[in-house]
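According to the working numbering, the sequence shown holds residues 9 to 174 in order.
Even glycine gets a Cβ: it sits at the ideal position worked out from N, Cα and C.
Predicted model only: the values in this text are computed from it and were never measured.
Here is the structure we will look at.
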Amino acid sequence: MATLLSKHDLEIVKDLLVSRAEIAARLLSEKLGISPSDTQPISKKWGKEYLAISYSSTLEKYGWRQIEFLISTAGGKTMTIGKELLKRDQVAYVARTIGQFTIDLRVEVFVRSNDDLLNLIEEVKAMEGVKELIWSEIIEVVGRKNHIPAETLAALKAREAIKPIR
């Protein structure tokens with residue numbers, strides 16, 4: 009049986025997600041041996057321009073399943089549908105997409121059971137402007153790379169003439 013998080017645990021997780029920039033600044037200051045105030049210009053200036061911090065959930069340990077919906081919309085309703093989906097507790101993330109001609113929204117949701125999944129799929133399919141919904145569930149992560157390709161770094165350095173911090 010999965011362990012349930014206490015009320016305090018939930019608040020800690022929530023605070024960690026909300027305050028990720030402050031945590032990153034503190035860790036960076038410790039690593040570089042500089043004061044946390046010296047890292048503030050970094051997180052403010054560079055953070056928004058060059059970095060998008062994301063976290064992966066481990067909610068499956070607690071009985072939750074992470075599902076991805078790929079939604080095709082019609083009638084110019086993409087943003088309306090996306091904003092409406094964000095109001096749902098089960099929805100963690102909504103993004104407009106381009107590329108595949110039939111996919112307009114990518115949505116990450118969390119459910120506990122097949123019944124919850126089926127009910128949510130039916131509710132979303134019933135929304136005005138939803139043409140089609142397909143779903144996918146990750147069953148195993150093969151690996152993850154957290155790096156910036158050298159070519160990208162070279163382009164950034166040339167474009168911005170990045171100077172050493174201090």
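Is DSSP giving residue i helix, strand or coil here?
{"i": "residue 88", "result": "helix"}
{"i": "residue 136", "result": "coil"}
{"i": "residue 34", "result": "helix"}
{"i": "residue 148", "result": "coil"}
{"i": "residue 69", "result": "helix"}
{"i": "residue 43", "result": "coil"}
{"i": "residue 110", "result": "coil"}
Distance check for residue j and residue i, CA to CA, integer angstroms please.
{"i": "residue 140", "j": "residue 41", "result": "53 Å"}
{"i": "residue 163", "j": "residue 102", "result": "30 Å"}
{"i": "residue 146", "j": "residue 112", "result": "20 Å"}
{"i": "residue 123", "j": "residue 88", "result": "26 Å"}
{"i": "residue 143", "j": "residue 37", "result": "42 Å"}
{"i": "residue 105", "j": "residue 90", "result": "11 Å"}
{"i": "residue 86", "j": "residue 80", "result": "8 Å"}
{"i": "residue 109", "j": "residue 137", "result": "16 Å"}
{"i": "residue 149", "j": "residue 68", "result": "13 Å"}
{"i": "residue 76", "j": "residue 83", "result": "23 Å"}
{"i": "residue 160", "j": "residue 153", "result": "15 Å"}
{"i": "residue 130", "j": "residue 151", "result": "33 Å"}
{"i": "residue 98", "j": "residue 107", "result": "26 Å"}
{"i": "residue 133", "j": "residue 119", "result": "17 Å"}
{"i": "residue 121", "j": "residue 73", "result": "8 Å"}
{"i": "residue 158", "j": "residue 135", "result": "44 Å"}
Residue i lies in the beta strand (DSSP E); which residues open and close that run?
{"i": "residue 116", "result": "113–119"}
{"i": "residue 81", "result": "73–81"}
{"i": "residue 104", "result": "99–104"}
Starting from residue i, follow its DSSP beta bridges and name the residues at the other end.
{"i": "residue 141", "result": "79"}
Could you check if residue i is buried or exposed, using at least 16 other CB atoms within 10 Å of its CB as the buried criterion?
{"i": "residue 128", "result": "buried"}
{"i": "residue 35", "result": "exposed"}
{"i": "residue 93", "result": "buried"}
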